[in-house]
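Residue numbers (our numbering), protein chains in the order written: chain L, 1 to 378; chain B, 379 to 756. We treat Cβ as the ideally placed atom computed from N, Cα and C, and that holds for glycine.
There are 2 protein chains.
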Amino acid sequence: MNAPHDPSSVGAAVAQKAQFSEPLRLKGGATLPAFEIAYETYGELNAARTNAVLVCHALNASHHVAGYYADQPDNLGWWDNLVGPGKPLDTRRFFVVGSNYIGSCFGSTGPASVNPATGKPWGADFPVVTVEDWVEAQARLADHLGIERFAAVIGGSLGAMQALQWTLSYPERIRHSIVIAAAARLTPQNIAFNEVARQAIMTDPDFHGGHYYDKGVVPVRGLRIARMIGHITYLSGEAMAEKFGRLLRRGTPGFDFDIDFEVESYLRYQGDKFSSYFDANTYLRITKALDYFDPAADYGGNLSAALARAKAAFLLVSFKSDWRFPPPRSRELVRALLDNRRIVSYLEIDAPGGHDAFLLEDPRYHKALAAYFGNIEL
Amino acid sequence: MNAPHDPSSVGAAVAQKAQFSEPLRLKGGATLPAFEIAYETYGELNAARTNAVLVCHALNASHHVAGYYADQPDNLGWWDNLVGPGKPLDTRRFFVVGSNYIGSCFGSTGPASVNPATGKPWGADFPVVTVEDWVEAQARLADHLGIERFAAVIGGSLGAMQALQWTLSYPERIRHSIVIAAAARLTPQNIAFNEVARQAIMTDPDFHGGHYYDKGVVPVRGLRIARMIGHITYLSGEAMAEKFGRLLRRGTPGFDFDIDFEVESYLRYQGDKFSSYFDANTYLRITKALDYFDPAADYGGNLSAALARAKAAFLLVSFKSDWRFPPPRSRELVRALLDNRRIVSYLEIDAPGGHDAFLLEDPRYHKALAAYFGNIEL
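In structure tokens:
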């Protein structure tokens, strides 16, 4: 099957897997005896190996960053608007690596993988992983691909935390870090939303303490609620008002518990869709990785001290309508980097999309990224 | 048992019930054949019957506004800091009526009451009730108590919606309306939070489509999640940060799914407590009443036109840290009342408590209420 020719598309992508047999010691103390990382690449690594850009994904995305699959022409990568020939992250110039992370349900070793110690899925026994662990695993992937140093690492939201952590775990391996819609740590309110989502999953009778793979059920109800809560925090109140208003789906109030308002329909749809493909054990672990991320914690809360070891140049981008990680959270990072005399560019965009704005194609945003990438010397 | 004598307490309160045998036609089209309203009163109705103040409650409160119960000296009314001898709503001067509403689980006719048509609890068959219906039922209570006209009606949040609706349903019966932490209608984001709470309840296997009373179970899981979501919206992000920070309950991250952060402990506790006493069918109906409230809907969205029939004088109060119904939502009401040349006082308080600030004892807030009530002529 041939997708229509689009010169700005990377074309048909191929998901790959890299195997690592060296055990990975995790921050929480557990050890993964061996693991796989799923990834995709677009463009060509140059001879000097200086043009690699690592794209880190957020909560429910994957290593499928750009292009489509030959047998699924409609399955576009989650950042296809950004990555491709002539796009802001131009694959004619850069070798782009989309990396999944351990604990995922999209191909890398995770809770649904077989635990070599038991021959059964890990389930609840899969360890709690952290952003630091993800960077460790991705560093192995970089080694595997022969990339000593990335021209840049880029990510939004949870992906931005990875982009930041890379500069702390491997300062010498990152020339530029592009940190979008980020926070240096979650607020108690951020954690609270994650906790409600976790409780919805863990109290679902079909969760079975995390060992549901052999029960023929998945905790669909809990995942549905978790996703609905997530969506409220991804969209701004303004964007919701703009998108749905108080439009009644049946014209008048139903005085029942079927769908009245359009926003209810949207949430139920998103919840149903998500719960049909996402793994609950993965969701639990991702929210923990978010909650735990706090580079300043080992420095008595002093973020400037925590970022002192970073050597990269930085671009930070935030969006005014993002109430999950609003601009002050990015400014805090900018200040801490400036305290360390890092080279920092910072852009605050008055876009309406809320936290999800980092996925959208705002011209100011994309022009800024195009300019930044254009200025990276190879 | 005697509670310690506190001269500013109304003392031991007695919950009462008023029976109404005249059917109540509801906004949604259903008819309640007969109903009861639970209420309490504090102070004395004067001979001219001009000193009655109606207190309307919000989501999980009740008619137990002030004082304690003789056999439960620690069970203080939810607005005991406001109502009593010498308090802002001074019971030496006013006859205060705390009214429950139909659909409640605290004594008024609701989903757990017996449906006379079947001899069994109403359950899912109890109609969806609205703020307008509550005012109709409370008007019957006023008749029952011999109160032709209230000196004032007061409420916060959902209670404020009732205080506003009274001035529209019975303009001649309300001299002053005190509308605190209010909104003229819910935003799609407000509705979204309600919908997630409802979905958590309705997808709980113990919900049984709302007919759980004879099953020996209640949808505890769903109620727990609903309450956790609610609490996130009642507290401001700043208040949560102040109250909990990122304090780890076990000192270090547990790398498991037990409680790590203090805020998780708080939410679980609040969820557990609420789910032990609140009725799920009531919760569903209250959130619908909130979603549906929109006096401007019948006026093409023109709030000024909708409020034209109000005759009361108004005091509105909002709190800057309230992100559920933030000050602009109150200002919108103030503007619409001014368009109608109503007498309006408006106070915007820079208090940190979030939406729940209306329950707290901020001196600026309480002094303003004391002054306002002090100026009401009897």
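Asked: Simplified DSSP assignment, three categories, for B/S482; Found: coil
Asked: Segment limits, alpha helix (DSSP H) that includes B/L613; Found: First-last for B/L613: undefined, no H or E at that position.
Asked: Backbone CA spacing between B/K465 and B/G476 [nearest angstrom]; Found: 16 Å
Asked: For B/G534, three-class secondary structure by DSSP; Found: strand
Asked: Against chain L: residues of the stretch 517-544 of chain B by CB proximity under 8 Å; Found: none
Asked: Given L/D272 as reference, the closest of L/L223, L/A48, L/V129 once Cα atoms are compared; Found: L/L223
Asked: is_contact[B/Y670, chain L] using C-beta, thresh 8 Å; Found: yes
Asked: Beta-carbon proximity of B/L662 to B/R576, cut-off 8 Å; Found: yes
Asked: Where B/A658 meets chain L, residues with beta-carbon distance less than 9 Å; Found: The premise fails here: B/A658 is roughly 12 Å from chain L at the closest Cβ pair, so nothing lies under 9 Å.
Asked: For B/F327, the three-state DSSP class (helix, strand or coil); Found: For residue 327 of chain B there is no data in the structure shown, the boundaries of chain B being 379 and 756.
Asked: Cβ neighbours of L/I229 in the same chain (closer than 8 Å, five flanking residues each side left out); Found: F193, V196, A197, A200
Asked: Distance CB(B/A515)-CB(B/F736) smaller than 8 Å; Found: no
Asked: Buried or exposed (CB count within 10 angstroms, at least 16 for buried), B/D384; Found: exposed
Asked: Proximity test, Cβ basis, 8 Å: B/D762 and chain L; Found: No information on residue 762 of chain B is available, as it lies outside the stretch 379 to 756 that chain B covers here.
Asked: Exposure label - L/T31; buried when at least 16 CB within 10 Å; Found: exposed
Asked: Closest by C-alpha distance to L/P241, when choosing among L/E36, L/S321, L/A61, L/S276; Found: Residue 241 of chain L is actually Ala in this sequence, not Pro. Comparing Cα-Cα distances from L/A241 to each of L/E36, L/S321, L/A61, L/S276, the minimum goes to L/S321.
Asked: Interface residues of the stretch 476-509 of chain B facing chain L [CB-CB below 8 Å]; Found: P505, V506
Asked: Separation of B/D717 from B/M379, as counted between CA atoms; Found: With a pLDDT of only 40 at B/M379, under the threshold of 50, the placement of this residue in the model should not be trusted; the figure read from the coordinates follows. Whole-angstrom Cα-Cα distance: 54 Å.
Asked: Sub-8 Å separation of L/M161 and L/V128 beta-carbons; Found: no
Asked: Unbroken beta strand (DSSP E) run spanning B/L758, endpoints; Found: Outside the displayed span of chain B (379 to 756) sits residue 758 of chain B, for which this structure offers no information.
Asked: Given B/R707 as reference, the closest of B/L454, B/G732, B/L564, B/V388 once Cα atoms are compared; Found: B/L564
Asked: Cβ distance (whole Å) where B/R627 is taken to contact B/S643 below 8 Å; Found: 6 Å
Asked: Counted within 10 angstroms of its Cβ, other Cβ atoms place L/G353 as buried (16 or more) or exposed; Found: buried
Asked: B/V492 in three-state terms, based on DSSP; Found: strand
Asked: Close-in-space but distant-in-sequence residues of the same chain around B/T630 (CB under 6 Å, 5 per side omitted); Found: none
Asked: Within-8 Å CB hit, L/I174 to chain D; Found: The structure shown contains no chain D; its protein chains are L and B.
Asked: Per-residue burial, B/G587 [other beta carbons within 10 Å of its own, 16 or more giving buried]; Found: exposed
Asked: Members of the stretch 188-210 of chain L that neighbour chain B once the beta carbon cut-off is set at 8 Å; Found: P188, Q189, I191, A192, F193, E195, V196, R198, Q199, A200, M202, T203, D204, P205
Asked: Contiguous beta strand (DSSP E) assignments of at least 3 residues, all confined to the stretch 263-315 of chain L; Found: none
Asked: Proximity of B/G455 and B/A391 at Cβ, strictly below 8 Å; Found: yes
Asked: CA nearest to the CA of B/K405, picked from B/A562, B/L645, B/V513, B/D458; Found: B/V513
Asked: Buried or exposed by the 16-neighbour rule on C-beta atoms within 10 Å, applied to L/N375; Found: exposed
Asked: B/R742 classed as buried or exposed, judged by whether at least 16 other C-beta atoms fall within 10 angstroms; Found: exposed
Asked: Alpha-carbon spacing of B/I532 relative to B/G481, whole angstroms; Found: 20 Å
Asked: Chain B contact residues for L/R185, given Cβ-Cβ distances below 9 Å; Found: R624
Asked: Test: L/A241 CB closer than 8 Å to a CB of chain B; Found: yes
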